[in-house]
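Asks: Got a structure for you, written out below as structure tokens; questions coming shortly.
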Amino acid sequence: MDYKIHISGLAGGKYDYDFKVGGELFREFGNTQVSDCDVLVKVTLEKGSGWMNAVCSGNGTVTTECDRCLEEIKLPVEFSANLAIRTAKLGEETETSDEFIIVDPSEAEVDLKQFIYDSICVNMPLKRVHPEGKCNPEMVKKLQSLKAEEGKGKEDSDVYSPFSALKDLINQSKKRNK
Ligand SMILES: [Zn+2]
2 MDYKIHISGL AGGKYDYDFK VGGELFREFG NTQVSDCDVL VKVTLEKGSG
52 WMNAVCSGNG TVTTECDRCL EEIKLPVEFS ANLAIRTAKL GEETETSDEF
102 IIVDPSEAEV DLKQFIYDSI CVNMPLKRVH PEGKCNPEMV KKLQSLKAEE
152 GKGKEDSDVY SPFSALKDLI NQSKKRNK
């Protein structure tokens, strides 16, 4: 899946594009927090003489890990952004703001991959926990007892984290079940 818009030779006017963003985008960026993604990004490219503008909106869900019970949680993601596309030769760029994409005049297309990835990441809810009472109760119990043990005071908690050990165990058993 690519996130490119062909711009060379495009006549003035409006053009619509849909990009279906899946979990592979996050794997590509080495983001292990997001295990899956289902976001539809709609882009309307407007081309005038000497300027281009992309109105982007995204809507969907990302699957990540609940901060409380470590089970999967689906979070809503929504964003809209207005992106100006400027053509300039490398080194000539004057704008460095996020709302601009600078494209070399020799390039035939604009790659929106980084922009789409960033937009989803910054618009993910900060609170990544299930609603109260909806967490996996067994996991919460396990994690609480591990936390309590950790609290009993080993100085080497930096080296050995019960949480990461538990995560490893879960991942192993997930693999076995597959
Ligand atoms: Zn939870």
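In my numbering, the protein residues as written are 2 to 179.
Even glycine gets a Cβ: it sits at the ideal position worked out from N, Cα and C.
It should be emphasised that the depicted structure is a prediction, and the values quoted were computed from it without experimental measurement.
With 16 other CB atoms within 10 Å as the buried threshold, where does T45 fall?
Replies: Working through the sequence shown from its first residue, we reach residue 45 at position 44. The residue is exposed, with fewer than 16 neighbouring Cβ atoms inside 10 Å.
Asks: Looking at R69 and ligand 1, is the gap between the Cβ and the nearest heavy atom below 7 Å?
Replies: Within the sequence shown, the letter at position 68 stands for residue 69. Yes, the beta carbon of R69 sits closer than 7 Å to at least one heavy atom of ligand 1.
Asks: Beta-carbon within less than 6 Å of V130's beta-carbon, same chain only, minus the 5 sequence neighbours each way: which residues are those?
Replies: Taking the sequence shown and counting its residues from 1, one reaches residue 130 at position 129. Counting only Cβ-Cβ distances below 6 Å, and skipping sequence neighbours, we find C67, D68, R69.
Asks: Buried or exposed for M53, please, with buried defined as at least 16 other CB atoms from any protein chain shown within 10 angstroms of its CB.
Replies: If you number the sequence shown from 1, residue 53 lands on position 52. M53 comes out buried.
Asks: Does ligand 1 have even one heavy atom less than 7 Å from the beta-carbon of D131?
Replies: Residue numbering aside, residue 131 sits at position 130 when the sequence shown is read from its first letter. With the sequence shown as reference, residue 131 is identified as His, and Asp is not the correct amino acid for it. Indeed, a heavy atom of ligand 1 lies less than 7 Å from the Cβ.
Asks: Grouping DSSP H, G and I as helix and E and B as strand, with all else coil, what is P106?
Replies: Reading the sequence shown from its first residue, position 105 is the one you call residue 106. Note: P106 maps to coil in three-state DSSP.
Asks: Residues in the same chain with beta-carbon distance under 7 Å from L76, minus the five sequence neighbours each way, listed in chain order, please.
Replies: Counting from 1 along the sequence shown, the entry for residue 76 is found at position 75. For L76, where only same-chain residues beyond five positions count, the Cβ hits under 7 Å are T62, V63, T65, M125, P126, R129.
Asks: Give a yes or no on contact between the stretch 103-119 and the stretch 9-20, applying the rule of three or more CB pairs nearer than 8 Å.
Replies: Two segments are said to touch when three or more pairs of C-beta atoms, one from each, lie closer than 8 Å; by this definition the stretch 103-119 touches the stretch 9-20.
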